[in-house]
Each structure stands twice: as structure tokens, then as C-alpha cells.
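All remarks here apply to the structure that follows.
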Amino acid sequence: MVRILAFDSGIGGLGIVRCLRNEIPDACIDYLADTAVFPYGEQPDDFLVSHIVALVGSAMERLRPDLVVIACNTASTLALDALRARYSLPFVGCVPPIKWAADLTHSGTIGLLATRATVSRPYLRMLQARFAPDRRLVAYGARNLADLAELAFRGRPVSDHAVLAEMEGLFSQPGGDAIDVVGLGCTHYTFLLDRFRRLGRPGIRWIDPAEAVSRQAARLSRDIGNTETAFPHHGEAFFTALPDDVSALMPGLRRMGYAAVRPFAERT
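Residue numbering for the sequence shown follows the numbering used here, starting at 2 and increasing by one per position.
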């Protein structure tokens, strides 16, 4: 048995939780959404690093996980090194799937849909230089897709027009016509993946890193799980700020294995 803490700014990381439930069905997976500060892409970097390190540290102290999954691209690219330096637990991060896209492309041009913050940060350029130096990367920072994904998770209407407008921001850029692989650079977008595939050009391959992240967590869990410990539940869901429409979230949360959502306040 293993206890995992999955952390994201909102509901996006639940796509990784869904994969983790399949990979490690007996795991206790606690989920922490920092909804009080969502969306992370609109926050200053220095604030986010200190805030994430403190918040995740508080959750680790309270929940005592064996493994932490930072199920958020922004949090991973900004704070993963600081978390690993501060705490001894294993951490699994989620970063834009540049290497994966580079391996799959036939045209030599790969696309990335991400938040504006992820697209603008040096970390993305480092990933390209390291894993795709001979590939052309066309990246688009979509301001509205995370919000649309939040609506989709709640089962609320999301118009094809709104999704297409964000997709067009990627494909209308120079080189966009040559894109044959698109990576998702925000975990929220997993809840729009079927829409991307239906509305996108034929022949484009869309890749979601959620399964790769869960596989890495599963590999690590085999080395750290405690076979003598049985947890009384499959984990709990915590939000740093409870939204007004909790009832709309509950059907999706139940599908992920959570019967309720509880408030979480960082200890000072």
C-alpha cells in the first residue's frame, strides 16, 4: 500500500488521479487543489514558489504521504527543484511533453498548448534545447482553456466555438500548418482532449502526459509502498477555497473516487 498526495492549482490534476487509480488501484490518493490562488498562470513567480513550497509542506505534514505528485505544469516548472531541496520524499512532476512530441513528429514541427505563463518561462526553451533541438516548436499560451476545462469537468456547456478560438491561436502562428503532434502543457486540458481530437485537423496526434506521470509514480511506489499498512479510505479531496458550486463538482469528484471535498488551510 502507498499513500500519494496529488497537488494542482485546480481540478486539472484529477486527470492524473484518474490514471493513478488505474495504475495503483489500492493506493490512498489524497488530492489538494489550490483553488484560492487559481489560476497560477496569472501569479508572480517568486510568490508562487514560496507559496507552493509552504502549502505542499503543510499538506505533507498533515497527510503523511509516501510520494507527492505535482500534477501541475506551472507548479512543476517553478517549484519542483525547491520542493526536492526542502523535503526528502520522492516527487513526481508534470512538464510539457516536448521530448515525447519530438519523438513522434514526422513533419519536424511540434505544437504545444499551454498557459501563457508556461509558454513565456525559460523552462520551456530549456526543454526544447535539451530534447528537441532539431524540431520546430510552435507554442501557444491559451488564456481561456483552463477555465473552459473547469466548466467541462462540471458538466456545463462549453461551446465548440470557444475551444476552436483557442486552438486557432496555435495553428494560425507561423509554422502552424506543419504541426502534426500537439502536446498538452496544462493538466486541465485533459478534460477537453476529446474536443481537441474532434475539432482538430485530421492526422494530428494529441498527447496528454497524464498517463506518463502516473506510470512514473507507479514505478516509484513499488519501491516505497508499505505492504503492512491498510488505509481506511482511498483518499480525500481538499480545496484551499471551496467554490460556490461544489455540488456541480461532486459528480466528477465521485468518478475520481472522492465522496466529498474538504477545505484546507495552510498552517502558519
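For every residue, glycine included, the Cβ atom is placed at its ideal position computed from N, Cα and C.
Annotated as distal: Leu79 and Phe240, with beta-carbon spacing of 9 Å or more. For Val182, the uninterrupted beta strand (DSSP E) run begins and ends at 182 to 185, by DSSP. The shortest C-alpha to C-alpha distance from Arg196 to any of Arg220, His162, Ala218 is the one to His162. Assignment of Phe240 by DSSP, reduced to helix, strand and coil, places it in the strand class. Ile5 sits close to Pro66, with the two beta carbons spaced by under 9 Å. Counting only unbroken stretches of 3 or more residues, the beta strand (DSSP E) elements lying wholly within the stretch 48 to 86 are 68 to 71, in sequence order. Taking C-alpha positions only, Tyr41 is separated from Ala86 by approximately 22 Å. In the three-state DSSP reduction, Cys20 falls in the helix class (H, G or I). The C-beta separation of Cys29 from Gly236 comes to about 5 Å, placing the pair in contact by the 8 Å criterion.
Shown here for Asp31: same chain residues with a beta carbon closer than 6 Å to its own, the five before and five after excluded, namely Leu6, Leu64, Gly236, Glu237 in chain order. Counting of Cβ neighbours within 10 angstroms places Asp209 among the buried residues, the total reaching 16 or more.
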